[in-house]
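Undergrad: Taking numbering that gives the first Met the number 0, the leading residue of the sequence shown gets 0, the next gets one more, and so forth. Positions of the beta carbon are idealized from the N, C-alpha and C atoms, including for glycine. Got a structure for you, written out below as structure tokens; questions coming shortly.
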Amino acid sequence: MRPDSLLFHEDFRSAPYWWDAAPPETARAPLPDSVDVAIIGSGYCGLSAATEAAAHGARVAVLDAGEIGGGGSTRSGGMISSGQKLALTNAIQGVSPDRLVRLMHESMASFEYLKRIVADESLDADLQITGRFFGAYTPSHFEQLRRQGQLLRDKTGVTVHVIERDAQRAMIGSDYYYGGILVDEYGGLHTAKYHRALRELATRRGATLHSHAAAEHVERIAGNAADSTRFRVHTARGALDAQHVLVATNGYTGPLMPFFARRVLPVASYQIATEPLPEGLMHALNPGRRMISDSKRNLFYTRPSPDGTRMIFGSRPAIRELSERDAARLLYGKMLQLWPALRDVRITHAWKGYVAMTGDKLAHIGAHDGIHYALGCNGNGVALMSYLGHRVARKMLGVDRDAGAFSEGAFPLSGAGIASQLAVPLGSALYQLDDLWRGRVRAALS
Ligand SMILES: Cc1cc2nc3c(=O)[nH]c(=O)nc-3n(C[C@H](O)[C@H](O)[C@H](O)COP(=O)(O)OP(=O)(O)OC[C@H]3O[C@@H](n4cnc5c(N)ncnc54)[C@H](O)[C@@H]3O)c2cc1C
């Protein structure tokens with residue numbers, strides 16, 4: 000085991016690398032007494048909903064339990080894509096062919112939405128379309144990726160290259176995978192800069208943001224007209240009345256409303272960032288500065304920082320939750336499996352964040368008991384949750400009659416409803432066993 004002094008940079012921080020450039024914000028302005036729309040959660044979803052609702056003239060307040068942007072949105076890997084989660088995982092199992100087409104269409108729309116809002120509003124988000132490589136952990140995964148790549152190309156029109164194992168080293172500087180596929184149109188952004196730009200946009204359009212205002216109870220109250228209902232949202236900093244309430248808490252969904260808590264399973268994912276790499280090393284390992292992930296259950300996902308100087312590497316390294324420092328030691332070992340050449344590079348940042356898993360691996364938007372929601376990124380929400388926030392806002396205000404394919408079908412229970420203490424460790428253990436078993440197949444082949 001490497002001594003900590005060689006592993007951790009002297010300026011090591013248990014915080015996202017992204018926060019160096021754009022930290023989350025404290026916003027302690029008093030809550031308004033009454034708004035049209037109260038949004039619980041200040042991630043991409045909540046802010047996109049706020050931006051859209053404010054553009055339609057609504058008075059909007061965004062509430063967060065912690066700092067504005069302290070949740071998953073500024074902790075992610077920042078990789079963006081369209082439809083890959085549907086085509087490259089078994090999320091589509093049991094989905095009718097018709098609905099699959101609509102889900103794919105919406106996933107593509109989410110990617111286009113993100114690119115459009117960044118361009119139209121000149122958002123400072125370091126958006127870079129550099130392509131994404133999906134590595135095959137075993138030879139059979141390679142065949143599977145080849146098939147899924149075809150589906151992705153057919154359904155979404157992206158350019159998919161099949162990369163044989165002997166061509167892979169030129170692309171990702173590693174022999175770790177059995178080849179893979181490359182999608183040209185995918186890319187990444189700076190998660191925290193994008194968030195900062197969204198909150199500036201929401202504020203410019205008139206929404207107000209309130210940190211340290213955990214929603215503790217949502218009460219239904221009588222409105223002015225005989226047939227109207229309003230809500231009173233009680234928070235850690237007082238109460239406000241709202242005509243509409245949106246729950247946008249994703250992987251940070253707590254016990255506020257049992258209906259949501261039973262449908263969303265928060266799972267931690269961890270990342271590290273390295274110090275700037277020595278001259279030429281990034282070029283040797285990732286000349287195209289591509290996003291990289293793989294076919295394992297507990298997948299590796301890695302990318303260069305947007306300025307191309309550091310490696311950012313993520314996974315779920317253990318069954319149980321870990322401190323950032325302990326996770327960093329394990330992630331470092333995994334990163335070296337992919338790139339032994341990084342062995343003398345130290346870690347400057349380690350952090351974790353919570354993604355929201357759902358029972359059917361799909362995100363859901365809709366309303367329950369009159370309270371709107373957009374939840375369940377399943378680890379793939381930079382574009383999708385931004386998009387679903389804006390869609391749910393339009394539906395809520397009556398701008399659109401239909402909220403699209405992610406609003407169709409029941410929102411099933413997740414493991415959280417069955418045994419919240421056991422579901423995540425059990426699921427992780429099964430995933431690790433599966434990866435371990437496939438690791439033995441790899442060892443036998445090498
Ligand atoms: C480590 C990690 C890596 C990821 N990598 C990628 C990636 O590379 N690509 C990709 O597409 N997606 C990725 N994701 C997923 C993506 O980040 C999320 O899907 C997306 O940011 C979720 O946004 P959101 O607005 O729905 O929720 P969040 O940004 O998580 O915001 C939810 C907010 O709700 C607040 N909240 C909770 N309860 C309350 C309450 N009672 N009152 C008030 N506020 C409350 C929380 O404090 C939090 O700020 C990753 C996620 C993580 C954690």
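Determine, using beta-carbon pairs with one atom in the stretch 2-15 and one in the stretch 27-37, whether at least three such pairs fall under 8 Å.
TA: The answer is no - the stretch 27-37 does not touch the stretch 2-15, with fewer than three Cβ pairs under 8 Å.
Undergrad: Using the beta-carbon count (16 or more within 10 Å), is arginine 168 buried or exposed?
TA: Exposed.
Undergrad: Looking only at its own chain, which residues have a Cβ that is under 6 Å from the Cβ of alanine 392, when we skip the five neighbours before and after it?
TA: Excluding positions up to five away in sequence, the list reads Ala48, Glu51 and Ala52.
Undergrad: Does DSSP classify alanine 214 as helix, strand or coil?
TA: Correct three-state label for alanine 214: strand.
Undergrad: From which residue to which residue does the beta strand (DSSP E) around tyrosine 300 run?
TA: First-last of the beta strand (DSSP E) with tyrosine 300: 300-303.
Undergrad: Say the cut is 8 Å; is the CB of serine 413 nearer than that to a heavy atom of ligand 1?
TA: No, the Cβ of serine 413 stays beyond 8 Å of every heavy atom of ligand 1.
Undergrad: For threonine 308, I'd like the list of residues in its chain whose CB is within less than 8 Å of its CB, leaving aside the five on either flank, ordered along the chain.
TA: Pro275, Leu276 and Met281.
Undergrad: Under the rule that 16 or more other beta-carbon atoms within 10 Å means buried, what is valine 100, buried or exposed?
TA: When all chains shown are included, valine 100 counts as exposed.
Undergrad: Quick check: what's the CA-CA separation for alanine 418 versus phenylalanine 258?
TA: At alanine 418, the pLDDT of 49 sits below 50, so the modelled position is not reliable; the number obtained from the coordinates is stated separately. Distance between the alpha carbons of alanine 418 and phenylalanine 258: 15 Å.
Undergrad: Could you tell me which residues DSSP puts in a beta bridge with arginine 164?
TA: The partner list for arginine 164 (beta bridge, DSSP) is empty, contrary to what the question assumes.
Undergrad: If I measure Cβ to Cβ from tryptophan 17 and keep anything under 6 Å in the same chain, skipping five residues before and after, which residues do I get?
TA: Here the set comprises Thr73, Thr190 and Ala191.
Undergrad: Is there at least one non-hydrogen atom of ligand 1 closer than 8 Å to the beta-carbon of isoleucine 271?
TA: Isoleucine 271: no, Cβ never under 8 Å from ligand 1.
Undergrad: Name the one or two DSSP bridge partners that isoleucine 180 has.
TA: Phe133 and Val161, per the DSSP bridge assignment.
Undergrad: In whole angstroms, give me the CA-to-CA distance for glycine 369 and threonine 228.
TA: Going from the Cα of glycine 369 to the Cα of threonine 228 covers about 9 Å.
Undergrad: I'd like to confirm something about arginine 74: is its beta-carbon nearer than 8 Å to some heavy atom of ligand 1, or not?
TA: Correct: arginine 74 has its Cβ closer than 8 Å to ligand 1.
Undergrad: Using 9 Å as the threshold, is the C-beta distance between threonine 301 and methionine 256 below it?
TA: No, the pair does not count as a contact, with Cβ atoms beyond the cut-off.
Undergrad: Going straight from the alpha carbon of arginine 12 to that of glycine 42, what length do you get?
TA: Distance between the alpha carbons of arginine 12 and glycine 42: 22 Å.
Undergrad: Quick check: does the Cβ of asparagine 285 come within less than 8 Å of any heavy atom belonging to ligand 1?
TA: Because no heavy atom of ligand 1 lies under 8 Å away, the Cβ of asparagine 285 does not count as near it: no.
Undergrad: Compare the beta carbon distance of serine 268 and tyrosine 353 with 9 Å and say whether it is the shorter of the two.
TA: Their beta carbons are under 9 Å apart, which means serine 268 touches tyrosine 353 by this criterion.
Undergrad: For glutamine 92, I'd like the list of residues in its chain whose CB is within less than 6 Å of its CB, leaving aside the five on either flank, ordered along the chain.
TA: No residues qualify anywhere along the chain.
Undergrad: Would you say aspartate 125 and tyrosine 185 are within 9 Å of each other, going by their C-beta atoms?
TA: No, the Cβ-Cβ distance between aspartate 125 and tyrosine 185 is not below 9 Å.
Undergrad: Is phenylalanine 410 helix, strand or coil when you go by DSSP?
TA: Coil.
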